[in-house]
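Just so you know, the protein sequences line up as chains F and E, in that order.
The first sequence runs 1 to 51 under the numbering used here.
The second sequence runs 52 to 253 under the numbering used here.
For every residue, glycine included, the Cβ atom is placed at its ideal position computed from N, Cα and C.
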Amino acid sequence: MATAIKNIPVLKKEAASTFNEKIEKNIANRASVDFSKKVSISSKILAKAKS
Amino acid sequence: MGFLLEKCTFRPYNQEILDSCEPFDCGNSDLNGFFSKDVIKYTSELLGKSYCFTLDENPKVIVCAFTVSNDSIKVQTLPNSRKKKVTKRIPREKETRSYPSVLIGRLGVNKNFGRLGVGSDLMDFIKSWFVHPGNKTGCRFIVVDSYNTPKPLLYYTNNGFEPLFSTEEQEKEAMNLPLDKPLKTRLLYFDLILLKIEEQTE
C-alpha cells in the first residue's frame, strides 16, 4: 500500500496569518504571469486526448 | 509543453492502461506501487482521478502520470477589529474561510524521460487545466503533498510552489504528529490567481 496522502489541516494562528499575507500579495500581483500560451497548448493537448 | 503536445497523448489512467502498457517506472517504489496496484481502487472509490501521457511512437510507454482530487485550504482567522466592537459582549468566534483547491496526490515521470523538461511541462499542463476556460468549477490553489526529500521539493519550488507551513515543526503541530519524528511529506501550494490567460485581459 502506497504512503497515505495527508489531509490538509485547517491553518491557524501563525500559519494562517502567514498564508493570508502571502495570498494578499498574490491578489495584488494577480495575472502577473502570462500563461496564455500554455493554456493554448493545453487546449491542443486536450483536443488530441483519448478518453 | 512541446514534448507532451507533439510526442504524447493524454489519457485517463484506467484498467485499459494497466492491461496494455509496460509497468510505469518513475524510480520511486512508492509511486510505482500506487500506479500499478492501488490506482484503480482509488479511482473506483472516487478518492481521485488519475491521468497519464503515453508515448505516441510506442503507446505502451507511460511517460508521466498524476492523480488529482478536489480539496480545499481552510484558514481560521479571528474577526476583524470592527466586528470585535460589535460583538464584544459575545464570545469571539473564529471565522474559517475555505478556498477551493485541487490536490495532486501522486505525480511521477518515467525515469527514462528525465532531463527533457517533462516534469515542468506536466506541471504547466496541470496549472493550465485548472485555469482553462473549460474548467467547470472554480479553483484557487493547487496543493501537493510532496515527499520531504530534496529532489521533489526542488521540483515543486522551481515550479512556483510554496510550503503551506513555514517550518516542519509548524506542520507537525498542525498535523498532530510527534515533534521528534521525521516529517515524511510536506504540503505545498501554488496560487492560480497569479496566472494570466486571454479571457482575463479582455
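One thing to note: CYS77(E) has its Cβ no nearer than 9 Å to the Cβ of GLY156(E). Its Cα nearest to that of LEU245(E), the residue PHE181(E) stands out among LEU106(E), PHE181(E) and TYR93(E). Judged by DSSP secondary structure, GLY159(E) falls outside any alpha helix (DSSP H) and instead within the beta strand (DSSP E) spanning 146-160. Closer than 9 Å to the CB of PHE117(E) there is not a single CB belonging to chain F. Look at ASN121(E) here: in three-state DSSP terms it is strand. Take the alpha-carbon of THR147(E) and the one of ASN20(F): they are about 12 Å apart. In its chain, beyond the 5 residues on either side, ILE91 have a beta carbon closer than 8 Å to the beta carbon of GLN66(E).
If you draw a straight line from the Cα of THR188(E) to the Cα of ARG62(E), it is about 21 Å long.
The beta carbon of SER87(E) sits closer than 6 Å to the beta carbons of PRO74 from its chain, once the five residues preceding and following it are set aside; these are given in chain order. CA-to-CA, the gap between VAL169(E) and SER71(E) works out to about 22 Å. Proximity to LEU129(E) across GLU14(F), LYS6(F) and ALA4(F) peaks at GLU14(F), based on C-alpha coordinates. The alpha-carbon separation between PRO201(E) and THR18(F) amounts to approximately 23 Å. Taking all protein chains in view, the Cβ of ILE27(F) is surrounded by fewer than 16 other Cβ atoms within 10 Å, so the residue is classified as exposed.
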